[in-house]
Amino acid sequence: MTFDLVIRGGTIATASDVTKADLGIREGRIVAIADRIAGGERVIDATGRLVLPGGIDAHCHLDQPQAPGLAAKGAKMADGFCSGSISAAFGGTTTIVPFCVQHRGESLTAAVADYHRRADGQSVTDYAFHLIVSDPTPAVLGQELPALIRRGHTSIKVYMTYDAMQLSDRQILDVFETARAEKAVMLIHAENHEIIGWLADRLEQQGKTRPAFHATSRPLAVEREATHRAVTLAEIAGVPLVIVHVSGGEPLEEIRRARARGHVVIAETCPQYLLLTEADLDMPDMLGAKAMCSPPPRDTAAQAALWRGIEDGTIDIFNSDHAPYRFDAEGKLKAGPDASFRAVANGIPGLETRLPILFSEGVVKGRIDLSRFVALTATNNAKLYGLHPRKGTIAVGADADIAIWDPEKRVTITNDLLHHNVDYTPFEGLEVQGWPETVISRGEVIIENQELKARPGRGQFLEQQTSSAWRTREINAWI
Ligand code: URP
Ligand code: ZN
Ligand code: ZN
Ligand code: ZN
Numbered sequence: 001m002t003f004d005l006v007i008r009g010g011t012i013a014t015a016s017d018v019t020k021a022d023l024g025i026r027e028g029r030i031v032a033i034a035d036r037i038a039g040g041e042r043v044i045d046a047t048g049r050l051v052l053p054g055g056i057d058a059h060c061h062l063d064q065p066q067a068p069g070l071a072a073k074g075a076k077m078a079d080g081f082c083s084g085s086i087s088a089a090f091g092g093t094t095t096i097v098p099f100c101v102q103h104r105g106e107s108l109t110a111a112v113a114d115y116h117r118r119a120d121g122q123s124v125t126d127y128a129f130h131l132i133v134s135d136p137t138p139a140v141l142g143q144e145l146p147a148l149i150r151r152g153h154t155s156i157k158v159y160m161t162y163d164a165m166q167l168s169d170r171q172i173l174d175v176f177e178t179a180r181a182e183k184a185v186m187l188i189h190a191e192n193h194e195i196i197g198w199l200a201d202r203l204e205q206q207g208k209t210r211p212a213f214h215a216t217s218r219p220l221a222v223e224r225e226a227t228h229r230a231v232t233l234a235e236i237a238g239v240p241l242v243i244v245h246v247s248g249g250e251p252l253e254e255i256r257r258a259r260a261r262g263h264v265v266i267a268e269t270c271p272q273y274l275l276l277t278e279a280d281l282d283m284p285d286m287l288g289a290k291a292m293c294s295p296p297p298r299d300t301a302a303q304a305a306l307w308r309g310i311e312d313g314t315i316d317i318f319n320s321d322h323a324p325y326r327f328d329a330e331g332k333l334k335a336g337p338d339a340s341f342r343a344v345a346n347g348i349p350g351l352e353t354r355l356p357i358l359f360s361e362g363v364v365k366g367r368i369d370l371s372r373f374v375a376l377t378a379t380n381n382a383k384l385y386g387l388h389p390r391k392g393t394i395a396v397g398a399d400a401d402i403a404i405w406d407p408e409k410r411v412t413i414t415n416d417l418l419h420h421n422v423d424y425t426p427f428e429g430l431e432v433q434g435w436p437e438t439v440i441s442r443g444e445v446i447i448e449n450q451e452l453k454a455r456p457g458r459g460q461f462l463e464q465q466t467s468s469a470w471r472t473r474e475i476n477a478w479i
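Residue 1 is where the sequence shown starts when you use the UniProt record's numbering, and the numbers rise one by one after that.
Here you go:
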């Protein structure tokens, strides 16, 4: 057998096994895994290195057009598919799944066509995209959404908050009903919109408008209540549900209870909820805006609860929620340097730092093992979003999407090191151990020696299959 590429002498980790073996790659796919593979047009010596499936970041926002009339008026995303995918690749991620948003009054089909144009010829990694439905008209529910699901967009997100995107419980049930009929998986942003609005009004009346009050306006109870309501709606409609960006123990308890009742509910968390706290929003001037995301980071008890959820299997996916707003007048400070927290764009960047942070804080610190790391960051996302077994694992027949890690390398995260177009990282100064050094997508080396080796535009759009969450009625037997 001849191989285009052989990766020799490394330690291969999948979601189930860790083994020493060589990998043989031909025409973009893994074709051999064996003790010793001879030959190879090109050979990479991976002695002392970890050979992991390339990461899948299934929650990121790239080039997302903003809804007209949103409170954070006109803040622009600094990363599109080109810089976003490059940044992802430098951080060991080989597949990205950002969101295509439908704004109110807009056709969903038109939004998808527009988003394909934004992605076309830009990405260095492969990509799929989730759909965000914010206007579930009869045409969207009856025709557009079913047709798009059949064309490979099998995951759909809805929002319970944000003026421009929020759906009523009744509208959410309508979308869930279509998702059930077409076997799509639903994602939900769970925060109680009415409570947030009420609290934010009170805070503003008292002149409490600094970024720190963003957290005060969205306490954990707001997320707990919405999570309970979201799983109830999913239970009524009979759809599997992903609760994205879970920020603490109380919403996690709601998820555990729903699972105990027999419902397929999947929990996601993100690096910011493990590493930041409310205190990061309480900084001089507007600096706290750098840590402003929704839900907000909480406290050390919430961090500990999330680690328990990661350890006990309640949390199954780990994504960045990369929201690339710069800390300048283009992004966070668009509404001015004294703007109320309500006018500051929500979200923080993190495509490139997601994997090194979980590797260092999770694997190196002994909280999770290597297989669980791979499951959380690649395999489970692939299964959940209909990309497995092509993506998310190392197996004969799978795409050769691989990140070769130096598990000893120590890095102090600074924004200078990163490749996104955002002018800050909320993880500035964080020391991590372990970094991806060679990154391969469909057999092509795309990152090597800290350089980009591939051409933007090589990345392919991936049609998603039906989520494995639909393949079982067994509670959480989906992974
Ligand atoms: O604050 C956040 N998370 N912004 C990004 C959009 C979202 O809600 O996921
Ligand atoms: Zn499409
Ligand atoms: Zn969200
Ligand atoms: Zn998000």
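Just so it is clear, CB atoms sit at the ideal spot from N, CA and C, and this is done for glycine as well.
Nearest neighbour of residue i, chosen from the options [CA to CA]
i	options	result
Ile195	Tyr162, Gly238, Val445, Lys183	Tyr162
Ala58	Ala21, Pro98, Gly91, Ile33	Pro98
Ala258	Gly48, Gln272, Pro240	Pro240
Val124	Val411, Leu430, Asp401	Asp401
Asp299	Ile315, Val244, Ile440, Ala279	Ala279
Arg42	Leu52, Gly48, Gly55, Glu27	Glu27
Asp416	Ser87, Pro219, Asp328	Ser87
Ala158	Ala221, Arg170, Glu444	Note that residue 158 is Val in the sequence shown here, rather than Ala. Of Ala221, Arg170, Glu444, the residue nearest in Cα terms is Arg170.
Gly91	Gly457, Arg471, Pro456, Glu448	Glu448
residue 484	Pro295, Arg229, Asp285, Thr94	Outside the displayed span of the chain (1 to 479) sits residue 484, for which this structure offers no information.
Segment limits, beta strand (DSSP E) that includes residue i
i	result
Thr393	It is not in any beta strand (DSSP E) - Thr393 carries neither H nor E in the DSSP assignment.
Pro37	For clarity, residue 37 is Ile in the given sequence; the question names Pro instead. Looking at the DSSP string, Ile37 is not in any beta strand (DSSP E), and its letter there is neither H nor E.
Gly10	5-13
Lys157	155-159
Glu27	Premise fails: Glu27 is in no beta strand (DSSP E) and is neither H nor E.
Cys82	Element bounds for Cys82: not the beta strand (DSSP E) but the alpha helix (DSSP H), 81-90.
Asp406	402-412
Same chain only: Cβ atoms within 6 angstroms of residue i, ignoring 5 sequence neighbours per side
i	result
Arg118	Asp63
Ala128	Val97, Leu462, Gln464
Gly24	Phe3, Val6, Val31, Ala32, Ile37
Val264	Pro240, Ala469
Residue range of the alpha helix (DSSP H) that includes residue i
i	result
Ser441	No alpha helix (DSSP H) holds Ser441; the beta strand (DSSP E) holding it covers 431-441.
Arg257	249-260
His228	220-237
Ala339	Looking at the DSSP string, Ala339 is not in any alpha helix (DSSP H), and its letter there is neither H nor E.
Contact set for residue i: own chain, Cβ-Cβ below 7 angstroms, skip 5 residues either direction
i	result
Ser320	Asp57, His59, Cys60, Cys270, Pro271, Gly350, Leu351, Arg354
Lys20	Thr11
Gly459	Ser85, Ser123, Val124, Thr125, Asp126, Tyr127
Arg224	Glu250, Pro251, Glu254
Asn421	Ala78, Asp79, Ser83, Pro324
Helix, strand or coil at residue i according to DSSP, with G and I counted as helix
i	result
His322	strand
Ile475	Any answer about Ile475 is weak, because its pLDDT of 49 lies below 50 and its placement is not dependable; what the coordinates show is given next. It is coil, neither helix nor strand.
Arg42	strand
Ile149	helix
His103	coil
Phe373	helix
Gln66	coil
Leu275	helix
Asp57	strand
Ala469	helix
Asp17	coil
residue 482	Outside the shown range of the chain (1 to 479) lies residue 482, about which nothing can therefore be said.
Sequence-distant residues of its chain with Cβ nearer than 8 angstroms to residue i (five each side left out)
i	result
residue 480	What is shown of the chain runs 1 to 479, which leaves residue 480 out entirely.
residue 497	A question about residue 497 goes unanswered here, because the residues of the chain that appear run from 1 up to 479.
Task: Lining residues of ligand 1 - beta-carbon closer than 6 angstroms to any non-hydrogen atom, in sequence order - done: His61, His189, His245, Cys293, Ser294, Asp321, Ala323, Asn346, Gly347
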